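Below is one structure, written out as structure tokens, with a few remarks after it.
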Amino acid sequence: MKNLPISREKETKTQNKNSFIIVSSVVATLLCGVLHASESDFDDKKGTLDVGSIIFDGLIPPRTTSKLKSPLQEADKINVGKIPGEKTFTLDKITNTDDQVSYVAGANKDSDTKGYTLKVVLDSVKGTVKPQPNKNIAHLIGGLSINKSATDNHINLTKIPDNPRSVNLYGGVSINSNANKNSVNVDNIKENFHPEIYGGYSLNGQANENKVTIKSLKTGFKLIVGGKSERGDANSNNTSVNDLEFASGELAGGFAYQADAKNNKVTGKNIIGKGGYNFIIIDGGVAGNNANSNEVYLTDIKNIDEIVGGSSIKGEANDNKVTVKNGSKIQAIYGATAEQNNANSNEVDITDAKDIESIIGGSSEGADANNNKVTVKNVNGINESIMGGYSAEGNAYKNMVDITSSNIAGEIYGGNSEDKNANKNKVSLKISSVASSVAGGSAKYEANNNILDITSSNIGGDVYGGYSNEGDAIHNTVNLFHNSGRDITLGKHFLVKGIIHGGLSDGNNKDAITDNTLNVTGKDLIAGNIKNFDEVNFNLPKDIKTNDVVLQLTEDKDTVLNSVKVNPFVEQGKSQAIVKNLKPGEKIYIIKKASIDENTLEEKQTIDKDLEIKSKELTKVTKSIVSEVGASAVYNVELNKDKSNLYLEVGEPEPTPTPEPTPTPTPEPTPTPTPEPSKPIAPKVNPKINHTLIPNLASSHVVNQMSDLMSDNIPNIAMLDNNVSANTDNIISFGYIKGYKSNIGKSDTDVNGAIVDAGIASRADNVLMGGFFEYSYADYDGSINSYENDGKINAYAIGALARFDLTNNFFIDSYAKIGKLNNNYTLKGYDNLKIDKDSTFYSLGAFLGHDSYFDSLKLTNRLGYAYSNVDGYDLDINGETLNIKDISSKRIKFDSIAYYQANTDTNVYARARLIYELDGKSSTYAPNINKTIESKNKGFSGGGEIGVAYDIKPLSNISFGVGAMGGKIDELSANLRFVYGW
């Protein structure tokens, strides 16, 4: 009686990686053998099960068929749990020595077997010293049915002694029906045994939703599979492994030899192969027909030969996925393999791994491999190749490879077809090193519409948008990105040692140029050369500057291009591109031919080879460009070319024409005047500089607001002073709060602020004198020439006030103060430049006034002069030091206040005011243009205020007022005053 073992031979890279196991041994062994069961809970059920008629037919798909006589026909006994009504049995020993022996918790011939559990806690296992072919195998089964289903049966293995005997485990087995939802659990088995493990097994039916769970196992197994069927489907099975050490064999989610294997899954952690000459395979799903939507998810694995998401012989292998995190020493990883049909939409995701030979998203020998994807991140050492999709005889379309922060020794292909076309594939390479070549698509015939994205990477070989042996390679796009300098550290430089091709064809008279496009974004990129591009676009970064090189070509050969466009960075909403500090005589290189030192990436020497641009229009700048030199100067920038280089430079002025000789009647000719030399290039004024005027203008306005609050309230202090009785200490304290919202003339500057004043005053004869402290906070924003800024001002001051009483109700009010302010603002036109400046300020004022009395009405009129000054400062912008000059305000002020006494405690007042600003000029000196930029703020403002004052007997009052102004300054305000005498 033969036991036919499962085997799977290791194949070379040119052989099919999806060969099926040569012949199944499952049914031929699990129910076989003379069963000598001396254990008391099991009894012989051979006669009841009637196994003599079982014939195995076609167990070697798809190439051959075989009819095998069932080994059950030669068996003496089938041991089955015998306790009536009991569905859980425990097996503690196996006494049979040399024969194949089987233990089944529950078995039926013509009815379902459901809900049985075999607990395996073996103290001893008898057996010969060495496993014998076709003998010495112990088969442990949860539930068995010959003609009906085996459902929800289980085996739990928790103990087995170290022995050389093979022990096979089956959660549930059905010969002629389905084996679904069965399970095998193996927990903490460190001893060495040689099992085949099946969650569920069926000969003629389906094996679905079965599960194998392993927690810590050391073995030299042949096969561990969630669910397996010889002729039916094997779907939605699961194999979960944690801590597995093994020598050789196969770990699978689902096996279906002649049907479909779908939605199966293998999850594993800490799986270690013993290495050597053994062959280890991990499959999500294996099928004779379709293998779709299977998955393998592995972490912390080592010494694995092959990992496959889904594997099919005759059918398709679609939508499968492999994920590996932290793996090493892996020969090959496939999202899916299909021998005769398509392998589409499969995926491989590898993170934190090393020492992998090859990765393929989807592989088909006889049909197409489309829409597959490989993602690689933080992987060190892929030695042969990475392919998104591979087809030997079909097409490879729309596949993708995405690589980040990895070191790759082998080649990279988005899609690869050996006998047909590779179109619309994509490779994305970011911060990685590739020792060999990179191709978006590689094919025997068409290699069109492929895309390469390469970011800050190092490539030792050539780069191809599309590569064809015998066809066209057109409509391909290569995108290059880099903007982080030339540091030799990986990710901080861009280097392609070979040639970057838009397309390349080895065929005669084939097109490898049409509509191939190179897009270069950034600067400091280095390549050997660029070739076979119909259009080259350079997208310049915002920070490009003098002497920068966008693309340096190091090969000592000519470069021929059809069309070049330079696209400078343009801020959203702007119509002009800006480069910084490009001065006359300086260059920014778009293409520069010069060799480099590969160890340092520093330029060695220029290369005297031609840079030819075939387009009739030499080059095209898609936006106008200007150079901002410092803060104030602007130059026009042109795109020019010499023999070997393409560059930006400041435009030369028109040459001064040579004067015509003046005719003369004398016979002596008049000498031709010497031509005047070309004038130096004169810059234009940068319109941005005007918005540097706003912050000082806002500072001056805040200082004036503080001065106005004090000057406006001297009459209020004087009113209370007149009511102070002679027997008091003649001391007055006061406090004021004002809030305002202002808009200042041409600069369209809005200032919103608040002021707090506090002080004391006292009279001596005809003079009222006092001192005060002020604090003000304001925020502001403004715009000039469409360039905006905003800021915040904090100001502090101390000062003195005085009223001098004259005859006939005339008086003089005056004040003087000095303070500090901090102006923290942002110049948005200069790339949101943050400025924080402190300034000293001072102000003073004097007013001649007169009080008139009419019964319950008092009228106070004042005319005076107010002066303030805020110190300037130096401001560095783009290497130019601007001088922000002092700003002085000189104002003539008139106000008239009418007080109406409504009753003994209440006065209603109305104020009218008129202000004329004589100066208020904000100015900035710019040395690069030798000019002073000014904002003149002369003009009238007028308005009024109404309020009420309430006397709090005997020596204090409180008042509240609201006001408005218009003209040069528009303003709304509100104030609260409190005066107290004691």
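Numbering (full-length UniProt numbering), first residue to last: 1 to 982.
C-beta: ideal position from N, C-alpha, C; glycine also.
Note that the structure is a prediction, hence the values are computed from the model and not measured.
Task: Counted within 10 angstroms of its Cβ, other Cβ atoms place A396 as buried (16 or more) or exposed - done: Within the sequence shown, residue 396 is the residue found at index 396, counting from 1. A396 comes out buried.
Item checked: Range of the contiguous beta strand (DSSP E) that encloses N378 -> Locating residue 378 in the sequence shown gives position 378, counting from the first residue. Annotation: the continuous beta strand (DSSP E) that includes N378 extends over 373-391.
**OP:** With distances taken Cα to Cα, identify the nearest neighbour of K82 among I969, V104, D462.
**Re:** Along the sequence shown, read from residue 1 onward, the residue named residue 82 stands at position 82. Comparing Cα positions, the closest option is V104.
Requested in this report: Look up A795 in the DSSP assignment and say whether it is helix, strand or coil.
Outcome: Taking the sequence shown and counting its residues from 1, one reaches residue 795 at position 795. A795: strand per DSSP, three-state reduction.
Quick one: is L504 buried, meaning 16 or more other Cβ sit within 10 Å of its Cβ, or exposed? Working through the sequence shown from its first residue, we reach residue 504 at position 504. Per the 10 Å Cβ criterion, buried.
Item to complete: Using DSSP bridges, identify the partner residues of I137.
Response: Against the sequence shown, residue 137 aligns to sequence position 137. Secondary-structure assignment with DSSP links I137 through a beta bridge to S166.
- Message: Looking at the secondary structure, which residues open and close the beta strand (DSSP E) in which R913 lies?
- Response: Within the sequence shown, residue 913 is the residue found at index 913, counting from 1. Its beta strand (DSSP E) spans residues 906-917.
Backbone secondary structure at T635 - three-state DSSP = Indexing the sequence shown from 1 puts residue 635 at position 635. With the sequence shown as reference, residue 635 is identified as Tyr, and Thr is not the correct amino acid for it. Y635: strand per DSSP, three-state reduction.
* Cβ-based neighbour list, S177, same chain, cut-off 6 Å, excluding 5 preceding and 5 following -> Taking the first residue of the sequence shown as 1, we reach residue 177 at position 177. So the list reads K148, S149, G205, once near-sequence residues are dropped.
Quiz item: Is the closest heavy atom of the ligand MN to the C-beta of G739 under 8 Å?
Solution: The ligand content of the structure shown is nil, which means the ligand MN is not present either.
Query raised in the report: Should F810 and R803 be called a contact, given that it needs their Cβ atoms to be closer than 9 Å?
Result: The sequence position of residue 810 within the sequence shown is 810, counting from 1. The sequence position of residue 803 within the sequence shown is 803, counting from 1. In terms of Cβ geometry, F810 and R803 do not form a close pair [threshold 9 Å].
For L540, the three-state DSSP class (helix, strand or coil):
Working through the sequence shown from its first residue, we reach residue 540 at position 540. Three-state result, L540: coil.
V579 versus S700 - alpha carbon distance:
Stepping through the sequence shown from its first residue, residue 579 is reached at position 579. Stepping through the sequence shown from its first residue, residue 700 is reached at position 700. Cα to Cα, V579 sits roughly 34 Å from S700.
inquiry  = Which of the three DSSP states is assigned to N449 in this structure?
reply    = The count along the sequence shown starts at 1 and reaches residue 449 at position 449. DSSP places N449 in coil when its eight states are reduced to three.
Between the alpha carbons of I21 and D300, how many angstroms are there, rounded? Position 21 of the sequence shown, counted from the start, is the residue given in the question as residue 21. Position 300 of the sequence shown, counted from the start, is the residue given in the question as residue 300. Below a pLDDT of 50, predicted positions are generally treated as unreliable, and I21, at 35, falls in that range; no measurement from the model is reported.
Span of the beta strand (DSSP E) around I359: The residue labelled residue 359 in the question sits at position 359 within the sequence shown. 347-364 is the span of the beta strand (DSSP E), which, as asked, contains I359.
Pairwise C-alpha distance: A473 and S345
Position 345 of the sequence shown, counted from the start, is the residue given in the question as residue 345. Position 473 of the sequence shown, counted from the start, is the residue given in the question as residue 473. So the alpha carbons of these two residues sit roughly 24 Å apart.
Given that a residue counts as buried once 16 or more other Cβ atoms are within 10 Å of its Cβ, and exposed if not, what is V241? By 1-based counting over the sequence shown, the position of residue 241 is 241. By the neighbour-count criterion, in which a residue is buried when 16 or more other Cβ atoms sit within 10 angstroms of its Cβ, V241 is buried.
Every unbroken beta strand (DSSP E) inside the segment 736-812 [3 residues or more]:
List check, beta strand (DSSP E) in window: 749-764, 767-784, 787-805.
Practice task
With DSSP as the reference, label D123 as helix, strand or coil.
Solution key: Here the question's residue 123 lines up with position 123 in the sequence shown. Assigned with DSSP and collapsed to three states, D123 falls in strand.
### Query
Where does V962 land, buried or exposed, given buried means 16+ other C-beta within 10 angstroms?
By 1-based counting over the sequence shown, the position of residue 962 is 962. Exposed: under 16 other Cβ atoms inside 10 Å.
Margin query: Can you look up D76 in the DSSP assignment and give me helix, strand or coil?
Written below: In the sequence shown, residue 76 corresponds to position 76, counting from 1. Reliability fails at D76, whose pLDDT of 48 lies under 50, so the model's placement of it is uncertain and no value is given.
**Message:** Assuming A964 and G943 are in contact, meaning their beta carbons sit under 8 Å apart, how far apart are those beta carbons, in whole angstroms?
**Reply:** Within the sequence shown, residue 964 is the residue found at index 964, counting from 1. Within the sequence shown, residue 943 is the residue found at index 943, counting from 1. About 5 Å separates the two Cβ atoms, so the contact holds.
- prompt: Do S102 and N79 have their C-beta atoms closer together than 9 Å?
  reply: Residue numbering aside, residue 102 sits at position 102 when the sequence shown is read from its first letter. Residue numbering aside, residue 79 sits at position 79 when the sequence shown is read from its first letter. Yes; because the gap between Cβ atoms is below 9 Å, this pair is in contact.
Task: Reduced DSSP secondary structure (H/G/I, E/B, other) of I6 - done: The residue you call residue 6 lines up with position 6 of the sequence shown. Note that I6 scores 28 on pLDDT, short of 50, meaning its location in the model is unreliable; the coordinates nonetheless yield the value given after this. If DSSP states are grouped into helix, strand and coil, I6 belongs with coil.
Which residue or residues does DSSP assign as beta-bridge partners of D876? Along the sequence shown, read from residue 1 onward, the residue named residue 876 stands at position 876. D876 has T881 as its beta-bridge partners, per DSSP.
_Cβ neighbour criterion (16 or more within 10 Å) applied to V703_ = Taking the sequence shown and counting its residues from 1, one reaches residue 703 at position 703. So V703 counts as buried.
### Message
Using a Cβ-Cβ cutoff of less than 6 Å, which residues in the same chain neighbour H691 once the five nearest sequence positions on both sides are dropped?
### Response
Counting from one through the sequence shown, the residue named residue 691 turns up at place 691. If you ignore the 5 residues before and after H691, its C-beta comes within less than 6 Å of the C-beta of I784, Y787, N789, G829, all in its own chain and listed in chain order.
- Item | For L553, the first and last residue of its enclosing beta strand (DSSP E) | In the sequence shown, the residue the question calls residue 553 occupies position 553. Counting along the chain, L553 sits inside the beta strand (DSSP E) bounded by residues 549-553.
Secondary structure at K565, three-state DSSP: helix, strand or coil? One-based indexing of the sequence shown puts residue 565 at position 565. Strand at K565.
Rounded to the nearest angstrom, how far is the Cβ of N292 from that of N320, given a contact under 8 Å? Locating residue 292 in the sequence shown gives position 292, where the first residue counts as 1. Locating residue 320 in the sequence shown gives position 320, where the first residue counts as 1. Confirmed, about 7 Å.
* Which runs of the beta strand (DSSP E) fall wholly inside the segment 582-609 and span at least 3 residues, in chain order? -> Fully enclosed beta strand (DSSP E) runs of no fewer than 3 residues occupy 587-596, 603-606 of the segment 582-609, in order along the chain.
Span of the beta strand (DSSP E), counted from its first residue to its last, around T932: As a first step, residue 932 must be located in the sequence shown, where it is residue number 932. Secondary structure note for T932: its beta strand (DSSP E) is the uninterrupted segment 931-935.
Taking S311 as the reference, give the member of N450, A256, N696 with the closest Cα. If you number the sequence shown from 1, residue 311 lands on position 311. Of the candidates N450, A256, N696, the one whose C-alpha sits nearest the C-alpha of S311 is A256.
Find out if the Cβ-Cβ distance for the pair K314, E339 is shorter than 9 Å. Translated into positions along the sequence shown, residue 314 becomes position 314. Translated into positions along the sequence shown, residue 339 becomes position 339. With contacts defined by Cβ atoms closer than 9 Å, K314 and E339 form a contacting pair.
- May I have the straight-line CA-CA distance separating Y116 from T158, to the nearest angstrom? Position 116 of the sequence shown holds residue 116. Position 158 of the sequence shown holds residue 158. One C-alpha to the other measures close to 17 Å.
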